[in-house]
Amino acid sequence: MGLVRDRETPATFLMPPRVRAALIHLALSATIAALVFLPLYFFWYPDVLFESAGGRDLFQLIVSVDVTIGPLITLIIFVPRKWGLMFDLVVIAILQTAALSYGVWVLFESRPVYVAYVVDRFELVRASGFPDGELEKAHAAGYDRL
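Using this note's numbering, read the sequence shown as starting at 135 and increasing by one per residue.
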């Protein structure tokens, strides 16, 4: 009587293990992406620069690839009690972390560092577009950091 379940079982019992594993992986990936988003938005692309500098488009591209690829691969390879499953999941996590790290590095390199008024418009100066050697010349004026 205690071990027999009636027909009204929770949905998790009806869900295949590989789908459950992929959903858990998706939730973890989305949480990590959200935690990465916060410093990007508040420190590298503050306020309206996130939209005007294209930070939103870059971040959406990185997150859509990174957050979907890992869980999709987990959905494909996950078999409960498979020999080497832990190794497979660790490799997926390492590759996913590497992809996210590369994406964050690209966002860091393309972050706006100065907004300059040129003749009749404002121009964004990005960290990657700043000429090498020019930063040392600005030392006396106090603009020696990006």
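Cβ coordinates follow ideal geometry from the N, Cα and C atoms, glycine included.
Problem set entry | Integer Cβ distance of proline 246 from valine 225, believed to fall under 8 Å | Contact doesn't hold; Cβ gap of about 36 Å is too wide.
For this session: Locate the alpha helix (DSSP H) running through tyrosine 236, then write down its first and last residues.
Result: Element bounds for tyrosine 236: 219–243.
Exercise. When burial is assigned at 16 or more other CB atoms within 10 Å of the CB, is methionine 196 buried or exposed?
Worked result: Strictly speaking, residue 196 in this sequence is isoleucine, with methionine absent from that position. It counts as buried.
For this session: State yes or no: is the C-beta of serine 235 within less than 7 Å of the C-beta of valine 201?
Result: no
Problem set entry | When Val253, Tyr248, Leu209 and Leu183 are compared against valine 153, the one with the closest alpha-carbon | Considering only alpha carbons, the answer is Leu209.
Exercise. Under 7 Å between the Cβ atoms of glutamate 243 and alanine 227?
Worked result: no
For this session: Give a yes or no on whether the C-beta atoms belonging to leucine 241 and leucine 192 are separated by under 7 Å.
Result: yes
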